[in-house]
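Numbered by the numbering used here, the letters in the sequence shown go through residues 9 to 343 in order.
Even glycine gets a Cβ: it sits at the ideal position worked out from N, Cα and C.
Everything numeric in this text was worked out from a predicted model, so none of it was measured.
Report on the following structure.
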Amino acid sequence: MPANLTPDYMAAERRFREAVDPQEQLDALQQMLATIPKHKGTEKMQADLKRRIARMKEEMQRRPSTATQRPYWMLERAGAGQVSLVGPPNAGKSQLLASMSNAEPEVADYPFTTRVPLPGIVAFENVQVQVVDLPPVAPDLSPAWLPSLLHRTDAVALVFDLGDDDLLSRADEVIGYLDGAAIPRRIGRAMVVANKADTGGAVDRLSMLRDFLRTALPNEWRSTIRELGGEDEYPAPFVVSGRTGAGLDSLRRGFFDILGLIRVYTKAPGKKPDHDAPFVLKRGTTVIGAAAAVHKDFAQNLKYARIWGKDAYDGQMVQRDYVLSDSDIIEFHTG
Ligand SMILES: Nc1nc2c(ncn2[C@@H]2O[C@H](COP(=O)(O)OP(=O)(O)OP(=O)(O)O)[C@@H](O)[C@H]2O)c(=O)[nH]1
Ligand SMILES: [Mg+2]
C-alpha cells in the first residue's frame, strides 16, 4: 500500500471496517474514494474502490430493504445449524462455498476479496447446513462486526491454505485472533479444513499443519476436533480442494457432524418411516426427548418405544431414557 495515504483516507478506511451495515459501508467507501490522493500510484486502488462501490449498490438493490438494514452479524438462519468459514486471506473460503452450495461468492486471487458475510446451503444427504463465507481474519484488518457474528454461530470451520508457505504463521494469527475474541470459550465446536490439497508441496505442508495442531489449539476445541477426526493423538484436518472437489463429500458430512446433531425417523407400527423427513435433534437426546420434540402427547403417554438402528437389534424395545443415535428409526407406543 502506498505510504502517502492521508489521515482522512485512513479514517474513512477505519469507518469502513467498523461499519455494521451496508449503508454505512457504502458511505465509507464513497468517503475513501473522495479522500484518496489522485495520482498514478493510486490508480489501481481508485479503480478497485469504484468497483466495490458499484457492487455494493447493486447488492443493496437486489436485497429487500429489511435485509439491507440488518447488521452484518445478524444473519437469518436456515437449515439444521450454522457453520462459519474462518481463515486467513486467500485461503479459498469463498471457493469452498461456491463449490459446495448454490451461493455465488466472489473468488479472486487477491486478499480481502470477501467483505460481507454470505450464507449458502450445503446439503448432506437429507439435511441442510447453513455455511457462511466471511471476510478473512488478519490482525487489525478484519471487520469490527466479525466477533459478534462468530459469537452467534454454532461452529467454526478453520480454513487453511496448503499452498501457502506462511501457512503456520497465518494459522497462528487466526487462532490468536479468535482466542482474543473469546470464540473458543463461547463456541465450543470447531473443525479444521486443510484446503488447496491440489497445490505443489501440499503434502509437506499438511504434515507441518498436523504437528502445529497437536500443540497450538485452544483446549476448548480439542475434544470436538478430535471427535470429528476419530484419531486419538491429534485433531485430524479435513483435507480438501475447493477447486478440484477432492474431499468435499467428507467435508459435507463434517459440517453436519460438527453441529452435534442426530437425525431420527418416526414410523407407525407396520408402516415404513419417511426418510425424507428426519427429525433433527441434539446428540444425546433420549427416547422421551424425541417424543417431546415430535408431539407433546407422545411424551405424556409414552409407554415404550421400538428402535431400528445401528446400536439396537431390529425392533428392540427400549425405555424412555434410551439414548438415540444418528439415523435411528423410532416407533412410539403410547398407552
Ligand atoms: N489451487 C487451488 N486454488 C484455489 C483453491 N481454492 C481457491 N483457490 C484460489 O485461491 C484464490 C483465493 O480464493 P478465494 O476463495 O477468493 O479465497 P478467500 O479465502 O475467500 O479469500 P478472502 O475473501 O480474501 O478471504 C483464488 O485465486 C482461487 O481461485 C484450491 O482448492 N486449489
Ligand atoms: Mg473470500
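Sequence-distant partners of residue 283 (beyond 5 residues in either direction) whose C-beta falls short of 8 Å from its own C-beta, in its chain, are 134 and 273. Take residue 101, set aside five residues on each side of it, and the residues of its chain with a beta-carbon closer than 6 Å to its own are 93, 95, 141 and 167, in chain order.
Among the bridge pairs identified by DSSP, residue 273 is matched with 337. When DSSP reads this structure, residue 177 sits in no beta bridge, so it has no partner. By the Cβ criterion, the region 188-204 is not in contact with the region 298-308, since fewer than three pairs of Cβ atoms, one from each stretch, lie closer than 8 Å. With a 10 Å radius around the Cβ and a threshold of 16 neighbouring Cβ atoms, residue 263 comes out buried. Each of 334, 83 and 245 was checked against the Cα of residue 158, and the nearest Cα belongs to 83. Selection 103, 267, 30 and 251 evaluated against residue 70 yields 30 as nearest (Cα-Cα). Taking residue 33 as the centre and dropping the five residues before and after it, the same chain places the C-beta of 24, 27, 64, 123 and 124 closer than 8 Å to its C-beta, in chain order. Here residue 306 is buried. Its C-beta has 16 or more other C-beta atoms within 10 Å. Distance from the CA atom of residue 224 to the CA atom of residue 186, rounded to whole angstroms, is 13 Å. Closer than 7 Å to some heavy atom of ligand 2: that does not describe the Cβ of residue 204.
The C-alpha of residue 314 is placed about 19 Å away from the C-alpha of residue 285. Bounds of any beta strand (DSSP E) do not take in residue 291, whose DSSP letter is neither H nor E.
In this structure residue 51 is exposed. Its beta-carbon is surrounded by fewer than 16 other beta-carbon atoms within 10 angstroms.
Taking the C-beta atoms as reference points, residue 164 is found no nearer than 8 Å to residue 214. Under the 10 Å beta carbon count, residue 104 is surrounded by 16 or more other beta carbons and is classified as buried.
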